[in-house]
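Participant: Just dropping this structure here.
2 protein chains.
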Amino acid sequence: MARAATTSDAFNAVAEPRRRDILNYLATQERSVGEIVAAMHLEQPSVSKHLKVLKDVGLVEARREGRQMLYKVNATALRPLHEWTSTFERLWKHQLLRITERAEAKTEEKK
Amino acid sequence: MARAATTSDAFNAVAEPRRRDILNYLATQERSVGEIVAAMHLEQPSVSKHLKVLKDVGLVEARREGRQMLYKVNATALRPLHEWTSTFERLWKHQLLRITERAEAKTEEKK
DNA sequence: TTGACATATTCCTATATGGATATATATTGA
DNA sequence: TCAATATATATCCATATAGGAATATGTCAA
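Same order as they appear, the protein sequences are chains A and B. Here my numbering is used: the first residue of the first sequence is 1, the next is one more, and so on. Here my numbering is used: the first residue of the second sequence is 112, the next is one more, and so on.
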């Protein structure tokens with residue numbers, strides 16, 4: 001088997017850095033494809049393909065306005081990622097605490 | 112260009128569902144490869160290969176104990192994912208709020 | 001040293017990519 | 001209808017998988 005399709009879920013879709021760039025750019029406001037092309041350093045067909053992937057997994061929504069297509073983020077599609085990583089939050093907080101403790105112990109030694 | 116390597120960063124590494132399964136399994140405690148193989152429905156070589164990817168991006172750490180290799184999660188490597196998704200949290204909270212408002216408005220209409 | 005156990009690596013293959021290029025489709029205005 | 005603009009799709013190609021099978025490496029016990 002090969003790797004799962006980029007359109008199989010949000011995890012695969014956002015693995016591509018350019019698509020995260022696009023989502024970052026759309027975070028502030030709805031944008032046309034042309035605006036996205038101008039902002040990213042990508043060819044128009046590449047942007048359209050990335051937008052298709054993002055749309056397929058529900059990460060963006062599109063509407064036509066005249067000749068333009070306006071895309072905006074559908075942030076709720078990112079919640080599964082946020083929630084999955086949250087389950088590990090407790091662990092890294094523990095870990096950072098231990099690092100802090102070790103640093104403090106060393107400082108104490110030197111006194 | 113093809114897709115970025117699975118070892119290029121944590122985003123790519125966790126795009127594979129089996130690797131998320133492994134991380135979930137390791138979240139509670141350190142485990143040997145054999146235990147992981149038993150818990151997942153995967154062949155031993157596949158597990159070893161997934162573990163290598165996770166290790167390459169710093170998501171797990173390994174230590175030898177006799178014949179066994181014990182793997183544990185390094186949760187801090189997941190913080191970039193958590194923080195990136197957090198930047199969109201405000202957006203989906205807005206969105207959910209609007210949904211709630213619409214639902215309430217409908218209820219109001221029916222009175 | 002040898003055999004058994006635990007894990008890692010190599011080789012193979014089907015498959016899906018991302019960028020580039022060319023072309024198709026959709027919309028508007030004249 | 002026709003030209004111009006905006007976006008989408010098709011095609012080509014180099015590349016990196018993930019799983020399966022076979023094999024190599026590492027460790028221990030006798």
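Just so it is clear, CB atoms sit at the ideal spot from N, CA and C, and this is done for glycine as well.
So, N135(B) versus Q95(A), is the Cβ gap smaller than 9 Å?
Facilitator: Here residue 135(B) corresponds to residue number 24 of the second sequence, with the count starting at 1. Here residue 95(A) corresponds to residue number 95 of the first sequence, with the count starting at 1. No, Cβ-Cβ distance for N135(B) and Q95(A) is not below 9 Å.
Participant: Would you decide whether R130(B) is buried or exposed? Buried here means 16 or more other CB atoms lie within 10 Å of its CB.
Facilitator: As a working note, residue 130(B) is residue 19 in the second sequence. Under this definition R130(B) is a buried residue.
Participant: In angstroms, rounded to a whole number, what distance separates the CA positions of D120(B) and V168(B)?
Facilitator: As a working note, residue 120(B) is residue 9 in the second sequence. As a working note, residue 168(B) is residue 57 in the second sequence. Approximately 6 Å between the Cα atoms of the pair.
Participant: Residues of the stretch 28-44 of chain A in Cβ contact with chain B at a cutoff of 9 Å, in chain order, please.
Facilitator: none
Participant: Can you name the residues of chain A whose CB is closer than 8 Å to the CB of S157(B)?
Facilitator: Position 46 of the second sequence, counting from 1, holds the residue named residue 157(B). At a C-beta separation below 8 Å, S157(B) has no neighbours in chain A, since its nearest C-beta there lies roughly 10 Å away.
Participant: Just to confirm before moving on: does the CB-CB distance between A126(B) and R3(A) stay below 9 Å?
Facilitator: Position 15 of the second sequence, counting from 1, holds the residue named residue 126(B). Position 3 of the first sequence, counting from 1, holds the residue named residue 3(A). Against a cut-off of 9 Å, the Cβ pair of R3(A) and A126(B) comes out as a contact.
Participant: With 16 as the cutoff for other CB atoms within 10 Å, does H152(B) come out buried or exposed?
Facilitator: Translated into the one-based positions of the second sequence, residue 152(B) becomes position 41. Burial call: exposed.
Participant: Spell out whether any CB of chain B is found under 9 Å from the CB atom of V57(A).
Facilitator: Position 57 of the first sequence, counting from 1, holds the residue named residue 57(A). No, its Cβ sits nowhere closer than 9 Å to a Cβ of chain B.
Participant: Taking contact to mean at least 3 C-beta pairs separated by less than 8 Å, is the stretch 158-168 of chain B in contact with the stretch 45-54 of chain A?
Facilitator: no
Participant: Three-state secondary structure (DSSP) at E104(A)?
Facilitator: For this step, residue 104(A) is matched to residue 104 along the first sequence. E104(A): helix per DSSP, three-state reduction.
Participant: At the level of alpha carbons, what is the spacing between R209(B) and G145(B)?
Facilitator: By 1-based counting over the second sequence, the position of residue 209(B) is 98. By 1-based counting over the second sequence, the position of residue 145(B) is 34. Their Cα atoms are separated by approximately 49 Å.
Participant: Does H50(A) come within less than 9 Å of chain B when only Cβ atoms are used?
Facilitator: Translated into positions along the first sequence, residue 50(A) becomes position 50. H50(A) does not count as touching chain B.
Participant: I want to verify the contact list: residues of chain B whose CB lies under 9 Å from the CB of T87(A), in sequence order.
Facilitator: For the purposes of this step, residue 87(A) is taken as residue 87 along the first sequence, with counting starting at 1. Per Cβ cutoff of 9 Å: N135, A138.
Participant: Please list the partners that A186(B) has in chain A, where partner means a Cβ-to-Cβ separation under 7 Å.
Facilitator: The residue you call residue 186(B) lines up with position 75 of the second sequence. Residues of chain A passing the Cβ test: F88, L91, W92, Q95.
Participant: Considering only the alpha carbon of each residue, which of K72(A), A103(A), E89(A) lies closest to I36(A)?
Facilitator: Here residue 36(A) corresponds to residue number 36 of the first sequence, with the count starting at 1. With distances taken between Cα atoms, I36(A) lies closest to K72(A).
Participant: To the nearest angstrom, report how far apart E43(A) and F88(A) are at their CA atoms.
Facilitator: Working through the first sequence from its first residue, we reach residue 43(A) at position 43. Working through the first sequence from its first residue, we reach residue 88(A) at position 88. Distance between the alpha carbons of E43(A) and F88(A): 38 Å.
Participant: Can you give the Cα-Cα distance for G66(A) and F122(B), rounded to whole angstroms?
Facilitator: Reading the first sequence from its first residue, position 66 is the one you call residue 66(A). Reading the second sequence from its first residue, position 11 is the one you call residue 122(B). Cα to Cα, G66(A) sits roughly 36 Å from F122(B).
Participant: Out of E141(B), T117(B), H193(B), which has the shortest C-alpha to C-alpha gap to R174(B)?
Facilitator: Here residue 174(B) refers to the residue found at position 63 when the second sequence is read from its first residue. With distances taken between Cα atoms, R174(B) lies closest to E141(B).
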